[in-house]
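J.: In terms of mature numbering (1 follows the signal peptide of the UniProt record, and there is no 0), the sequence shown is residues -16 to -1, 1 to 659.
By construction, the Cβ of each residue, glycine as well, lies at the ideal position given by its N, Cα and C atoms.
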Amino acid sequence: LGLALYTGSLCVLSCAALVYHDYCIVGAGPSGLQAAYFLQRANRDYVVFERSHAPGSFFALYPRHRKLISINKRYTGKSNSEFNLRHDWNSLLSHDRRLLFRHYSRDFYPNADEMVRYLEDFASLLKLRVQYNTAIIHVTLERDEQAWNGHYFILTDQDRQTYKCSCLLVATGTWVPNVVNFPGSEYVEGYETVSTNPEDFAGQTVLILGRGNSAFETAENILGVTNFIHMVSRSRVRLSWATHYVGDLRAVNNGLLDTYQLKSLDGLLEGDLEDLAIIKDKKGKLHITLQFYLENSNISAGVDAITLPQDELDNFAPRAPYDRVIRCLGWKFDFSIYNRSLKMMPGKGDKKKYPQIKPSYESTNTQGLFVLGTASHSIDFRKSAGGFIHGFRYTTRAVHRLLEKRHHGVPWPSTIYPVTQLTNSIIKRVNEASGLYQMFSVLADIILLRENATAFEYLEEYPVGILAELEMQTGRKAPSGLFVITMEYGKNFSGADKDVFYYNRAVGEAQHAWQSNFLHPVIYFYKHLPTENEMKLRPPDWPLPRPDAIHHIVEDFLTDWTAPNAHILPLRRFLENCLSTDLRNFFAESCFLFAFTRQKLPPFCWQGYMRMQGLEGSEGLRRHAVEAGLLQDYSITDFLGDRPPDSHKGSQDQLLRDHVISVRPLQHLVNAKDE
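Next up, the structure:
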């Protein structure tokens, strides 16, 4: 009886200690705070768990040399805040104008300490519910048919406190260093601990393992004090200006390429790191060899007893001994805290450092578990900006909108316009929208046609990978066809081996817009919503299935797609062909004439003039129309006759009043004709 009472009391205590929230966010980095912001604005029950004492703990340590490679362009010549976010790669999305990163740093490449301060202010000023010093060490599932997703998520922290959540948002990023184990790897220093003081490397010879930005950042720091630096990796160097992928090598760190190609001792090598071995001699020097040379040798016997590659090939490239070897191989996702019941599996190939997720950013195997931020980069790895703040701030918002529809019945935000505004709506978005611009080929604007194409519904920044699920995921219907607007680079313009500076690399004429190389808008038209099977069978490297019609807006040097002839006119004609209608704007006189000469009025006349809408006539407007050849020039004197000069003004006003044609009788005429 005593044992039963003791066990029961433990159960009561454990049940009392269980804390429930609808949403649990693990990690208070940029993506975790961004998700918290949207949940708070929607008045949802959530909590953010952060293992450190402050948000953004990753940036407190990395990058080691403190210079961020995310640009902070404070001036663009524009006052449009949405446009300016295209060139602000550090700010999170919020309604508070104080929380723009340009208020925190004047540097084009800011210091990482300023990012830490920015994230602290973002969390505190917006009063986000972050629980600090809480390290989640275990996550498992608890089956329950009453739960949102058929199960709850049970989280345990370092103090054995447990938490229960209906939806789990993982925003921990990738922070576990990639390590390659080979004979002698114990002599390798990690990027996470290596000295950042250049004087510690004075007069030394250094080998760096890796070829990403962390490797070149480390090399840049010690370039002027070392004897020489060699860098080895399994793949060739990828320059971001050639691949158009911001995660590849940026120009701010590529000084070693200069010294390599200009033959100033430094150099790059290609090779599989898992085939290497390092041997340390009696003087502390590190010798590079290949593992198959050690098969019949005893590594503990010393370098003199081991055959080295240069013993057989006397010009073996890395034959000179090194003083230090530094590992700069990036990071991977921490899978260790997730129970097998969650089935959190790593991706395949180059994506194995990320968890497997769907294009909706939901776990492939566990409903209700979403991955945000850098860890979700498998969706657009080496393609778009989803692994970086200026990309995942938009994908996080997209995930929030998906959750709002799924769990709270809130449809995806949309705006309904008359079809006369179709061209203007597209032109406005492609010239301003930052989400389309940063997450090119991943997020798209969707235009749903309504009411026999007399109106349309505009949805912003929807993930193209789940286009087939649009009606279910958004609560919006697409009965009459749809347009999908994306931003894309040319199909054959990006790649590590591409020359992106070749002569005639840009297209300037509208008739050749489909050959545009630089980032430009592309509009897809579908008569019906694509199916899941069509999405799977889409052409290689296409973000979407083959449409019924497609239109490229020609690339523009200023990324300003407002040229009447080069940009707007071809777009309008494409839309007119898709909808079989006339999308031009007309003056009242033309609409009046069409009413008597056409069986079907253009949408602008029907939705504007016939409803007594439009601009009120004035002499300036009339003169502009005459000069543009849109109206005949009826001289004002033709109507004045023999009136004295002092009555000119009154007569002119009377003429303008007379020129405003009464709509009501015309409406009766049209109705009678229809009857």
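Is residue 3 helix, strand or coil when you go by DSSP?
T.: Numbered from its first residue, the sequence shown carries residue 3 at position 19. Here residue 3 sits in strand by DSSP.
J.: Check each candidate in 378, 476 and 402 and name the one with the smallest Cα separation from residue 444.
T.: For the purposes of this step, residue 444 is identified with residue 460 of the sequence shown, where counting begins at 1. From the listed residues 378, 476 and 402, the smallest Cα separation to residue 444 is found for 378.
J.: Would you grab the beta carbon distance between residue 202 and residue 178 for me? Rounded to a whole angstrom, and I think it's under 8 Å.
T.: Within the sequence shown, numbered from 1, the residue matching residue 202 stands at position 218. Within the sequence shown, numbered from 1, the residue matching residue 178 stands at position 194. Yes, residue 202 and residue 178 are in contact; Cβ-Cβ is about 7 Å, under 8 Å.
J.: Which value, in whole angstroms, describes the spacing of the CA atoms of residue 390 and residue 518?
T.: Within the sequence shown, numbered from 1, the residue matching residue 390 stands at position 406. Within the sequence shown, numbered from 1, the residue matching residue 518 stands at position 534. Between residue 390 and residue 518, the C-alpha separation is close to 24 Å.
J.: Could you tell me which residues DSSP puts in a beta bridge with residue 594?
T.: For the purposes of this step, residue 594 is identified with residue 610 of the sequence shown, where counting begins at 1. Paired residue(s): none; residue 594 is not in a bridge.
J.: Please list, in chain order, all residues of the same chain as residue 300 whose beta carbon is under 7 Å from its beta carbon, the five residues on each side excluded.
T.: On the sequence shown, position 316 is the one that residue 300 refers to. So the list reads 293 and 294, once near-sequence residues are dropped.
J.: If you reduce the DSSP assignment to three classes, tell me which class residue 160 lands in.
T.: To locate residue 160, count along the sequence shown from 1; it is residue 176. Reduced to three states, the DSSP call for residue 160 is strand.
J.: Going by DSSP in three states, residue 487 sits in which element: helix, strand or coil?
T.: Here residue 487 is taken as the residue at index 503 of the sequence shown, counted from 1. Coil.
J.: I'd like to check one pair, residue 17 with residue 103: are the Cβ atoms closer than 8 Å?
T.: Numbered from 1 along the sequence shown, position 119 holds the residue referred to as residue 103. Numbered from 1 along the sequence shown, position 33 holds the residue referred to as residue 17. Yes, they are a contact pair.
J.: Would you report the Cα separation of residue 116 and residue 36, rounded to the nearest angstrom?
T.: The residue given as residue 116 occupies position 132 in the sequence shown. The residue given as residue 36 occupies position 52 in the sequence shown. Rounded to whole angstroms, residue 116 to residue 36 spans 6 Å at the Cα level.
J.: With 16 as the cutoff for other CB atoms within 10 Å, does residue 367 come out buried or exposed?
T.: Along the sequence shown, read from residue 1 onward, the residue named residue 367 stands at position 383. Answer is buried; the Cβ neighbour count reaches 16.
J.: What does residue 535 pair with, by DSSP beta-bridge criteria?
T.: For the purposes of this step, residue 535 is taken as residue 551 along the sequence shown, with counting starting at 1. 507.
J.: Under the three-state reduction of DSSP, which class applies to residue 142: helix, strand or coil?
T.: Position 158 of the sequence shown holds residue 142. DSSP, read as helix, strand or coil, puts residue 142 in coil.
J.: Thinking C-alpha only, which one of 563, 354 and 469 is nearest residue 446?
T.: In the sequence shown, residue 446 corresponds to position 462, counting from 1. Answer by Cα proximity: 469.
J.: Please return the same chain residues whose Cβ sits closer than 6 Å to the Cβ of residue 322, not counting the five positions on each side in sequence.
T.: Taking the sequence shown and counting its residues from 1, one reaches residue 322 at position 338. The answer, listed in chain order, is 123 and 328.
J.: Express the C-alpha separation of residue 427 and residue 1 in angstroms, rounding to a whole number.
T.: As a position in the sequence shown, residue 1 is number 17, starting the count at 1. As a position in the sequence shown, residue 427 is number 443, starting the count at 1. Cα to Cα, the separation comes out at about 41 Å.
J.: Using C-beta distances below 8 Å, list every residue in its chain close to residue 626, excluding the 5 sequence neighbours before and after it, in chain order.
T.: Against the sequence shown, residue 626 aligns to sequence position 642. The pLDDT assigned to residue 626 is 48, lower than 50, so where the model puts this residue is not dependable; a value taken from the coordinates is nonetheless given after this. Here the set comprises nothing.
J.: Can you round the beta-carbon distance between residue 200 and residue 238 to whole angstroms, since I take them to be within the 8 Å contact cut?
T.: To locate residue 200, count along the sequence shown from 1; it is residue 216. To locate residue 238, count along the sequence shown from 1; it is residue 254. In this structure residue 200 touches residue 238 by the C-beta definition: roughly 6 Å separates them, less than 8 Å.
J.: I need the boundaries of the beta strand (DSSP E) containing residue 212, first residue and last residue.
T.: Position 228 of the sequence shown, counted from the start, is the residue given in the question as residue 212. Looking at the DSSP string, the run of the beta strand (DSSP E) that includes residue 212 is 212 to 217.
J.: Measure how close the beta-carbons of residue 6 and residue 30 come, nearest whole angstrom, since I'm counting them as under 8 Å.
T.: The residue you call residue 6 lines up with position 22 of the sequence shown. The residue you call residue 30 lines up with position 46 of the sequence shown. Between the beta-carbon of residue 6 and that of residue 30 there is about 7 Å, and that keeps the pair under the 8 Å contact cut.
J.: Excluding five sequence neighbours on each side, which residues of the same chain lie with their C-beta closer than 6 Å to the C-beta of residue 213?
T.: Along the sequence shown, read from residue 1 onward, the residue named residue 213 stands at position 229. Within the same chain, residue 213 has close Cβ partners 190, 203 and 250.
J.: I'd like to know whether the C-beta atoms of residue 11 and residue 157 end up nearer to each other than 8 Å.
T.: What you label residue 11 is simply residue 27 of the sequence shown in a count that begins at 1. What you label residue 157 is simply residue 173 of the sequence shown in a count that begins at 1. Against a cut-off of 8 Å, the Cβ pair of residue 157 and residue 11 comes out as a contact.
J.: For residue 44, I'd like the list of residues in its chain whose CB is within less than 6 Å of its CB, leaving aside the five on either flank, ordered along the chain.
T.: Position 60 of the sequence shown holds residue 44. These residues qualify, in order along the chain: 100.
J.: For a quick check, are the C-beta atoms of residue 66 and residue 494 less than 8 Å apart?
T.: On the sequence shown, position 82 is the one that residue 66 refers to. On the sequence shown, position 510 is the one that residue 494 refers to. No, these two residues do not count as a Cβ contact at 8 Å.
J.: Using the rule of at least 16 other Cβ atoms within 10 Å of the residue's Cβ for burial, across every protein chain shown, is residue 463 buried or exposed?
T.: As a first step, residue 463 is located in the sequence shown; it is residue number 479 there, counting from the start. With fewer than 16 other Cβ atoms within 10 Å, it is exposed.
J.: To the nearest angstrom, how far is the alpha carbon of residue 559 from that of residue 407?
T.: By one-based count along the sequence shown, residue 559 stands at place 575. By one-based count along the sequence shown, residue 407 stands at place 423. Cα to Cα, the separation comes out at about 8 Å.
J.: Does DSSP classify residue 671 as helix, strand or coil?
T.: Lying before the first or after the last residue shown, residue 671 is absent from the chain, which here runs from -16 to 659.
J.: Please go through the same chain and pick out, in chain order, the residues whose beta-carbon is closer than 8 Å to the beta-carbon of residue 629, but skip the five residues on each side of it.
T.: On the sequence shown, residue 629 is found 645 positions in, with the first residue counted as 1. Per-residue confidence for residue 629 stands at a pLDDT of 49, beneath the threshold of 50, marking its modelled position as unreliable; no derived number is given.
J.: Report yes if the C-beta distance between residue 534 and residue 73 is below 8 Å; otherwise report no.
T.: For the purposes of this step, residue 534 is taken as the residue at position 550 of the sequence shown. For the purposes of this step, residue 73 is taken as the residue at position 89 of the sequence shown. Remark: C-beta atoms of residue 534 and residue 73 do not approach each other more closely than 8 Å.
J.: With DSSP run on the structure shown, which of helix, strand or coil describes residue 455?
T.: Start at 1 with the first residue of the sequence shown, and residue 455 comes out as number 471. If DSSP states are grouped into helix, strand and coil, residue 455 belongs with the helices.
J.: Can you tell me the Cα-Cα spacing of residue 492 and residue 557, whole angstroms?
T.: Taking the sequence shown and counting its residues from 1, the one referred to as residue 492 is at position 508. Taking the sequence shown and counting its residues from 1, the one referred to as residue 557 is at position 573. About 19 Å.
J.: Could you round the C-beta distance between residue 47 and residue 96 to whole angstroms and report it? I think they count as a contact, below 8 Å.
T.: For the purposes of this step, residue 47 is taken as residue 63 along the sequence shown, with counting starting at 1. For the purposes of this step, residue 96 is taken as residue 112 along the sequence shown, with counting starting at 1. Their Cβ separation, rounded to whole angstroms, is 6 Å, which keeps residue 47 and residue 96 in contact under 8 Å.
J.: So what does DSSP say about residue 378, is it helix, strand or coil?
T.: Indexing the sequence shown from 1 puts residue 378 at position 394. It is helical.
J.: State the CB to CB distance for the pair residue 442 and residue 429, rounded to an integer number of angstroms; the pair is presumed to be in contact (CB under 8 Å).
T.: In the sequence shown, residue 442 corresponds to position 458, counting from 1. In the sequence shown, residue 429 corresponds to position 445, counting from 1. About 7 Å separates the two Cβ atoms, so the contact holds.
J.: Under a three-way DSSP split, which group does residue 589 fall into?
T.: On the sequence shown, position 605 is the one that residue 589 refers to. DSSP places residue 589 in helix when its eight states are reduced to three.
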